[in-house]
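Note sheet for the following structure.
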Amino acid sequence: VIDSTIIVLYVDDLVISAIDQGTSDTVASELESRFDITDLGSVSLYLGMQVVRDSVTGSIGINQNHYVDLLLARFNMVDCNRALTPATTTTANSLYSTIADSPLLTDTMKTTYKQIVGGLLYLSVCTRPDITRSIMQLTRRMTARTDEDWANAERVLRFLKGSKFGLYYDGDADTDLTGYADANFAGDVGTRKSTTGYVFMYQGCAVSWRSKLQPIVTLSTTEAEYVALCSAAQEAVYLRRLFESIGELQSEATVNFEDNMSTMALALREQADCSDRTKHIDVRYHYTRELITSNQIRLEHVATQYQLADMLTKNLEDKVKFKYLSGLVMNLQV
Amino acid sequence: VFTAKRAADGTIIKYKARYVCKGYTQQHGIDYDEVFAPVSKHSSFRVVMAHAAKYGRVTRQMDVKTAFLQSAVSELIYVKQLPSFVQFDDAGHELVMKLNKSLYGLKQSPRNWNKTINLYLLSIGFINSTADPCVYTLE
Chain A
76 VIDSTIIVLY
86 VDDLVISAID
96 QGTSDTVASE
106 LESRFDITDL
116 GSVSLYLGMQ
126 VVRDSVTGSI
136 GINQNHYVDL
146 LLARFNMVDC
156 NRALTPATTT
166 TANSLYSTIA
176 DSPLLTDTMK
186 TTYKQIVGGL
196 LYLSVCTRPD
206 ITRSIMQLTR
216 RMTARTDEDW
226 ANAERVLRFL
236 KGSKFGLYYD
246 GDADTDLTGY
256 ADANFAGDVG
266 TRKSTTGYVF
276 MYQGCAVSWR
286 SKLQPIVTLS
296 TTEAEYVALC
306 SAAQEAVYLR
316 RLFESIGELQ
326 SEATVNFEDN
336 MSTMALALRE
346 QADCSDRTKH
356 IDVRYHYTRE
366 LITSNQIRLE
376 HVATQYQLAD
386 MLTKNLEDKV
396 KFKYLSGLVM
406 NLQV
Chain B
664 VFTAKRAADG
674 TIIKYKARYV
684 CKGYTQQHGI
694 DYDEVFAPVS
704 KHSSFRVVMA
714 HAAKYGRVTR
724 QMDVKTAFLQ
734 SAVSELIYVK
744 QLPSFVQFDD
754 AGHELVMKLN
764 KSLYGLKQSP
774 RNWNKTINLY
784 LLSIGFINST
794 ADPCVYTLE
């Protein structure tokens, strides 16, 4: 139901979303009658995220700029030079170091590296889809730490110094949930595994995103994108269910944008085919197809340059393109 | 555990003391069984915020004070007394204390707290979302 009251619970923190002030007050006083509880008013600071409301449009911005400042201070990067992107294309794209003779870090620096990555990881899962891809790479190199890794971690901090922004959900927009799925075929030079990237947009901004090395080696771009599409489809199912329960009915199929025509053709085929190139793809066929048949997701083609999930699968060399895509994903008011 | 709460300029506002128990001495199967407690996904929070922006909803935040101390315990647990505040019985044996509520440090405290608030929210008419058990809705 559209006017239902919603509570999001995180251990002892409760966020209440209600249709009007009176309903919110009623729920608050019920909670106060049972627990010793502090009423903090409208949401402004939740798990280290600052929440800012536009009183005119009702738009909601979520940022961790304060947390970024703390990270920069903690790792002595306050006076560093800014970087325009969080990583370079030469950033080690593997579990194995690409520069064989890159010197090893001291034990103290190894510990600091872990602390930096830990701090960045929290940013990447809360409010920063633009650095998620870079952080995914840093987390995969926790054991083999060299000067090269150190430079990569510093690079992200240098990028953050010049990019203090967050998510922005537009109160004037009236949008449905839409997804974007992409893959970087055999992008990991060591294992030749591909990277899945997906992002789901709502009210002009990302609500869910992921960058993940695929668990299996795929044999073609089509197959790599198919694996990515399946991950995105799983996320779509969860998000649709969440939307349904908070009163936003999902009567239409959720649009998933895909830039690979053959992957789309594969997903839309009536039954598993026996082509030499795709005969080995098993369960994913059936899962994605089932969601399409049952009208839960719908595939639409998007030109590669508008593929928002692109930035979650690879390091973008072109800073203009990076800025353009992150601007769209995070709804930056520039 | 003793801590000094400081203001932003470093001056001490107040001293805090908290009685905690040593969860690491607890044995599985005797003092605790299940310790898992769910928390909401970050994406659930973002979805609810974006949804509030779309429909102009009123948002509110509430923080339960010392939540673990307000939750019931399901197991029978005894703890030692606070050093220098120890009491003895008539025969001179040291007494132990039975827990009526959870304490910080207990392995099952987060779970006990989640159970307590979950039961309460259900009792006032909320239901769990099937997508995320820590998202509740009331019609």
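One line per chain: the protein sequences are A and B, in this order. Sequential numbering from 76 applies to the first sequence in the numbering used here. Sequential numbering from 664 applies to the second sequence in the numbering used here. In this text, a Cβ means the ideal position worked out from N, Cα and C, and glycines have one as well. Only a predicted model underlies this, so the values are computations on that prediction, with no experimental measurement involved.
- If you ignore the 5 residues before and after E375 of chain A, its C-beta comes within less than 6 Å of the C-beta of V330, F332, all in its own chain and listed in chain order.
- Interface annotation, A715 of chain B: in contact with chain A, CB-CB separation under 8 Å.
- With respect to the 8 Å criterion, L235 of chain A and L147 of chain A are classified as neighbours on the basis of their beta carbons.
- The C-alpha of F397 of chain A is placed about 7 Å away from the C-alpha of T160 of chain A.
- Under the 8 Å Cβ criterion, the segment 380 to 393 of chain A counts as touching the segment 245 to 260 of chain A, having at least three qualifying pairs.
- Under DSSP, S92 of chain A forms a beta bridge with A:I81, B:T722.
- Shown here, K743 of chain B sits in coil according to DSSP, grouped into three states, outside any helix or strand.
- Scanning A:I112, A:V127, A:Q325 for the CA closest to the CA of I372 of chain A turns up A:Q325.
- Spatial neighbours of S209 of chain A in its own chain (CB-CB distance under 6 Å, excluding positions within 5 residues in sequence) are listed in chain order as P161, A162, V231.
- Judged by pairs of C-beta atoms under 8 Å, the segment 716 to 726 of chain B does not touch the segment 760 to 767 of chain B, as fewer than three such pairs exist.
- At least one C-beta of chain A is nearer than 8 Å to the C-beta of S707 of chain B.
- Counted as a single uninterrupted DSSP element, the stretch harbouring V736 of chain B is not any alpha helix (DSSP H), since DSSP gives it neither H nor E.
- Measuring C-alpha to C-alpha distances from V143 of chain A to each of A:F240, A:L294, A:A299, A:S401 identifies A:F240 as the nearest.
- Not one beta carbon of chain A lies nearer than 8 Å to the beta carbon of P746 of chain B.
- The criterion of a C-beta distance shorter than 8 Å is satisfied by S283 of chain A and F275 of chain A.
- DSSP places C305 of chain A inside the alpha helix (DSSP H), whose first and last residues are 296 to 320.
- Against chain A, a Cβ distance below 7 Å from G719 of chain B picks out G133, G246.
- At a Cβ-Cβ threshold of 8 Å, R709 of chain B and L400 of chain A do not count as neighbours.
- Counting along the chain, I367 of chain A sits inside the alpha helix (DSSP H) bounded by residues 358 to 368.
- Taking C-alpha positions only, D78 of chain A is separated from G322 of chain A by approximately 7 Å.
- For D385 of chain A, the closest of A:Y255, A:G97, A:A307, A:L341 by C-alpha to C-alpha distance is A:Y255.
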